[in-house]
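What follows is a single structure, written as structure tokens, with notes after it.
Residue numbers (this note's numbering): 15 to 140.
Shown next, in the form of structure tokens:
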């Protein structure tokens, strides 16, 4: 195999990948909507107090982070489908890995902070 032969994804495959990403995005949206409705009903059935309200904030933030991460993965897929060559694929993947690792670290920090706040709100006051 010659070294100078360019890596190229056929246009039909690119279009198929884009359609699949859009279908995955729609399916994920439906799943998240159903999950939000189910957890909303579950939270509504629980007695209202400081504990549930504090952890409800954690739950809402976790769902928002899950949506952001899923959207980043779907965007990665679209970007990879449009890569021009193997170097482009590697650059896209590297950039994604760096960006997502930073995002995960910030998300973990935020969720930890929110959990600590929620736990603090249920501590007995003396």
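All C-beta atoms, glycine included, are put in the ideal place defined by N, C-alpha and C.
These numbers come from a predicted model, not from an experiment.
So, is residue i buried or exposed, given that buried needs 16 or more other C-beta atoms within 10 angstroms?
{"i": "residue 45", "result": "exposed"}
{"i": "residue 68", "result": "buried"}
{"i": "residue 136", "result": "exposed"}
Going straight from the alpha carbon of residue i to that of residue j, what length do you get?
{"i": "residue 95", "j": "residue 125", "result": "33 angstroms"}
{"i": "residue 123", "j": "residue 38", "result": "29 angstroms"}
{"i": "residue 128", "j": "residue 51", "result": "22 angstroms"}
{"i": "residue 32", "j": "residue 92", "result": "6 angstroms"}
{"i": "residue 76", "j": "residue 84", "result": "12 angstroms"}
{"i": "residue 24", "j": "residue 100", "result": "14 angstroms"}
According to the Cβ coordinates, are residue i and residue j closer than 8 angstroms?
{"i": "residue 116", "j": "residue 79", "result": "no"}
{"i": "residue 111", "j": "residue 103", "result": "no"}
{"i": "residue 35", "j": "residue 132", "result": "no"}
According to DSSP, is residue i part of a helix, a strand, or is it coil?
{"i": "residue 97", "result": "coil"}
{"i": "residue 129", "result": "helix"}
{"i": "residue 157", "result": "Nothing about residue 157 can be reported from this structure: the residues present for the chain run from 15 to 140 only."}
{"i": "residue 106", "result": "helix"}
{"i": "residue 23", "result": "coil"}
{"i": "residue 5", "result": "Outside the shown range of the chain (15 to 140) lies residue 5, about which nothing can therefore be said."}
{"i": "residue 115", "result": "helix"}
{"i": "residue 60", "result": "coil"}
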